Each structure stands twice: as C-alpha cells, then as structure tokens.
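According to my numbering, the sequence shown holds residues 87 to 416 in order.
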Amino acid sequence: MENKTMKLVLSGAPHFVTGNDIQKTMGMVIIALLPALAGGVYFFGPRALLVTAVSIVSAVAAEFLFRKALRRETHITDLSAVVTGMLLALILPVSSPLWMAAVGSAFAIIMAKELFGGLGGNFANPALVGRAVLLMSWPAFMTRWSPSLHAAVVDATTTATPLGILKLGGSLTDVMKSVGASGKPALYLQMFLGNHSGSIGETSALLLLLGAAFLVATRVIDVRTPVAMIAATFVASWLFGQDPTFSVLAGGILLGAFFMATDYVTTPVTPIGKWAFGIGAGLMTVLIRQLGNFPEGVTYGILLMNVLVPYLDKILPRKFGFVKPRKVNA
Numbered sequence: 087m088e089n090k091t092m093k094l095v096l097s098g099a100p101h102f103v104t105g106n107d108i109q110k111t112m113g114m115v116i117i118a119l120l121p122a123l124a125g126g127v128y129f130f131g132p133r134a135l136l137v138t139a140v141s142i143v144s145a146v147a148a149e150f151l152f153r154k155a156l157r158r159e160t161h162i163t164d165l166s167a168v169v170t171g172m173l174l175a176l177i178l179p180v181s182s183p184l185w186m187a188a189v190g191s192a193f194a195i196i197m198a199k200e201l202f203g204g205l206g207g208n209f210a211n212p213a214l215v216g217r218a219v220l221l222m223s224w225p226a227f228m229t230r231w232s233p234s235l236h237a238a239v240v241d242a243t244t245t246a247t248p249l250g251i252l253k254l255g256g257s258l259t260d261v262m263k264s265v266g267a268s269g270k271p272a273l274y275l276q277m278f279l280g281n282h283s284g285s286i287g288e289t290s291a292l293l294l295l296l297g298a299a300f301l302v303a304t305r306v307i308d309v310r311t312p313v314a315m316i317a318a319t320f321v322a323s324w325l326f327g328q329d330p331t332f333s334v335l336a337g338g339i340l341l342g343a344f345f346m347a348t349d350y351v352t353t354p355v356t357p358i359g360k361w362a363f364g365i366g367a368g369l370m371t372v373l374i375r376q377l378g379n380f381p382e383g384v385t386y387g388i389l390l391m392n393v394l395v396p397y398l399d400k401i402l403p404r405k406f407g408f409v410k411p412r413k414v415n416a
C-alpha cells in the first residue's frame, strides 16, 4: 500500500478566499501609497523620502533580527514590514528626527506585531501603535510641523496644521490665511490638493483617493469601512457645528480610512462589523478632535475600534455552512 502524507497548514485569522498571496497584496498597498509619498516629497522636500526610507529599513530590520533571535522563520519578503514602515512615515511630520522614525518603526513591529505572533496575530494596527507611542513619548517632535514648500502665505500660521489652528482657538478664516485661500471654495481646493502643513502623506486628498481607487479597483480593500468612517466624520462634525467638508479633508481621515481602517487583521470580517467599525472610528475621531487635547483623533479612533473587533464580528456573524437535521423514523 502506498503511503501518502498530507501537510496540514495552520495560520492565523482572518481567512479569505483570494487569488492574491500576502506579498502581492502588500505590494499593491505599497503601489497605492506611492502617490501620497510623491506628494509628500513635492510639498515638504526630499527629507520626506529620507524619513520614509529610515522608517522602512528599521521596520524590516526589526522584524528580521527579532525573528532570527527567536530562531523563527523570517518573512520579510512578504512586504508587510515595508507597509508598516511606510505607513508610519506617512503619518509623521517631515521634521521628525530620523532616530525617532527608526524607534517608532521598530516598536511597531516588535511590540505590536511580533510579540503577538507576527502577521495575523496582532490585535491593533502596528503603524498606528507606533505613532501613538511616539506621540506620547516625544509630543514636541510630533507636533513640530513644517509648512508646505509651495504655501502661498509664509508666516507663523503656516507652521500649524489646519486642525491645529482651530485647536489653538483660530477660525476657518485663519486657516484660509495660512493656505492663501480667499474663501471656502479656494480653501477646499487647497485642502484637496494638499498644499498645507501636515504629516508627510496625509495632506493631499487627491493623491490618497488616487491610491484608494487603485485598491478598490483591484479588490484589495472593501469600501464599507472607509465610506462609513468618512460619512460618520462628516455627520458628527456637522452636529458639532464644524464645517463637515473641511473636517473630512483636514488631518488623516482619508489616509486612516482607506489604508489603516481596512487592515485585514485588525478590522472586522463581517459586513455589519465593517460598517460599525467605520462609524465608530469616525465618531471617536471627531470626539477626540472636539473634546480632547489633541487636534487630531484618527490614530486613537481606529486603535480604540481595533480593540472592539472581536465583539463587532459577533454582530450577525456570517454563516459559512449548516448541518441539515436528519429525520428520525419512530
């Protein structure tokens, strides 16, 4: 009799039926982030590229060395560490010290990913965990903004982000002055293009939507969560008496909604869970913006919802099969 051996492969959740492997999926995310990175270099200069390179190298090195130290198989070729390092860089100010970008990436990989078993085991988005730690540890560096190289007005207000100006007691008029806009339509246009202070990759809505469209077209991401997050931000901002269009275009809403709230591992797999996650993240973002000490709330909004994912997946869970009851003859 011929002996045949079967290999049983166990991997962490979630599980999807897809023609893409991890490397291909991560490669598509990298491609989708390139327009935002190019915009960061255009608006803030070549140092944006340097910060990004340091962040990526640190993330890849941290994963490789940590897994080697524990004598585990290395997976740096799956490009997940590259995505983490790239995402973290895009949500940092261009003036961030290079050592800080390296520390943030290493922390994100080791503490938020590898200590939980690696890719598939982490409960929170590693890049956002890295940013949260940097913001708590070195807030002075994380709030030291640089104006766009192409800003129409160069004065003290251009060094603050549009959300930062409002948090400091300014008005939309002050924001308009900081970007050289003569009215709301001109302000929206500047915000859409990205010609204002902010993190390296979050300022240009146009370039972020370009990358997001690529991910949607290639079916890498589901639109339910980002649509819910953006809609919740719009409505909640309006309820708080803020300009809802400005609230969506300002800060990291679009970057967070399309590139972080859609992470396979740390967001729900059920349709209703995706809607609930997006709505919760949008509401928390606005609440932090309005009532918290920070002008921006995307990081903590998504992280708080990451913690609730196991519970969100229990809302009308998807049934993958059923057992047909057998008839019993008396």
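Glycine included, C-beta positions come from ideal geometry on N, C-alpha and C.
Every value quoted in this text rests on a predicted model; they were computed, and no experiment measured them.
For the alpha helix (DSSP H) that contains Arg-375, what are its first and last residues?
Here the alpha helix (DSSP H) through Arg-375 covers 357-377.
Can you round the beta-carbon distance between Ile-316 and Leu-178 to whole angstroms, since I take them to be within the 8 Å contact cut?
Contact flag wrong, Cβ pair sits at about 23 Å.
From the DSSP output, in three-state form, read off Leu-205 for me.
If DSSP states are grouped into helix, strand and coil, Leu-205 belongs with coil.
How many Å lie between Ile-251 and Asp-107 at the Cα?
CA-to-CA, the gap between Ile-251 and Asp-107 works out to about 43 Å.
Taking a contact to mean a Cβ-Cβ separation below 7 Å, would you say Glu-129 touches Ser-268 in this structure?
Here residue 129 turns out to be Phe, not Glu, going by the sequence shown. Contact flag unset, no.
Cβ neighbour criterion (16 or more within 10 Å) applied to Asn-208
Counting Cβ neighbours within 10 Å, Asn-208 comes out buried, since at least 16 surround it.
Residue burial classification, Arg-217 (beta-carbon count within 10 angstroms, cutoff 16):
Buried.
For Ser-182, the nearest candidate out of Ala-139, Asn-211, Ala-314, Glu-149 (CA to CA)
Ser-182 has its Cα closest to that of Ala-139, out of Ala-139, Asn-211, Ala-314, Glu-149.
Apart from the five residues on each side of it in sequence, which residues of its chain come closer than 7 Å, Cβ to Cβ, to Leu-254?
Ala-246
Measure the Cβ-Cβ separation of Thr-311 and Thr-348 and say whether it is below 7 Å.
For Thr-311 and Thr-348, yes; Cβs fall inside 7 Å.
Alpha carbon to alpha carbon, what distance is there between Phe-345 and Thr-111?
In this structure, the straight-line span from the alpha carbon of Thr-111 to that of Phe-345 is close to 12 Å.
Cα-Cα, which of Phe-332, Thr-319, Ser-323 is closest to Lys-270?
Phe-332
Contacting residues, own chain, Cβ-Cβ under 6 Å from Val-180 (five flanking each side not counted):
Phe-130, Arg-133, Ala-134, Ser-232, Ile-286
Excluding the 5 residues flanking Val-115 on each side, which residues of the same chain have their C-beta closer than 6 Å to its C-beta?
Val-169
If you follow the alpha helix (DSSP H) that Tyr-274 is part of, which residue opens it and which one closes it?
270-279
Taking only the alpha-carbon atoms, compute the straight-line gap between Pro-225 and Asn-379 and give it to the nearest angstrom.
12 Å
Assuming the contact rule is C-beta atoms closer than 8 Å, Ser-166 and Leu-214 should be a hit. Round their C-beta distance to whole Å, please.
No, Ser-166 and Leu-214 are not in contact; Cβ-Cβ is about 15 Å, not under 8 Å.
By the 10 Å Cβ neighbour count, where 16 or more other Cβ atoms means buried, how is Thr-259 classified, buried or exposed?
exposed
Would Ser-290 and Gly-280 qualify as a contact pair, given that the criterion is a beta-carbon distance under 7 Å?
yes
For Ile-117, tell me which candidate among Tyr-397, Leu-294, Leu-156, Ala-145 has the shortest Cα-Cα distance.
Of Tyr-397, Leu-294, Leu-156, Ala-145, the residue nearest in Cα terms is Leu-294.
Of the listed residues Ala-343, Gly-256, Leu-373, nearest to Ala-322 (C-alpha basis)
Leu-373
Within the segment 147-195, ranges of the alpha helix (DSSP H) (whole runs, at least 4 residues):
With a minimum length of 4 residues, the continuous alpha helix (DSSP H) runs that stay inside the segment 147-195 are 166-176.
Extract the residue ranges of the alpha helix (DSSP H) inside the segment 330-356, only unbroken runs of 4 or more that lie entirely within it.
330-335, 339-345
Determine whether the beta carbon atoms of Ser-141 and Ser-191 lie at a separation below 7 Å.
A contact, by the Cβ cut-off of 7 Å.
Quick one, are the C-beta atoms of Pro-354 and Leu-398 less than 7 Å apart?
yes
Among the candidates Glu-200, Gly-359, Ser-223, Gly-284, whose CA atom is the shortest distance from the CA of Ala-434?
Since the first and last residues shown for the chain are 87 and 416, residue 434 lies out of range.
Comparing alpha-carbon positions, which option in Val-393, Arg-153, Ala-124 lies nearest Val-351?
Val-393
Would you give the residue range spanned by the alpha helix (DSSP H) that Gly-113 belongs to?
108-130
Same chain, Cβ closer than 7 Å to Leu-369, neighbours up to 5 away in sequence not counted:
Closer than 7 Å at the Cβ level, and outside the excluded window around Leu-369, lie Ala-318, Ala-322.
Is there a C-beta anywhere in chain D that falls below 7 Å from the one on Glu-382?
Absent here is chain D; the protein component of the structure consists of one chain.
With Gly-499 and Val-384 assumed to form a contact (beta carbons below 8 Å), what rounded beta-carbon distance in angstroms separates them?
Coverage of the chain is limited to positions 87 through 416, which leaves residue 499 absent and any answer about it impossible.
Give me the Cα-Cα distance between Ala-122 and Gly-171, rounded to the nearest whole angstrom.
14 Å
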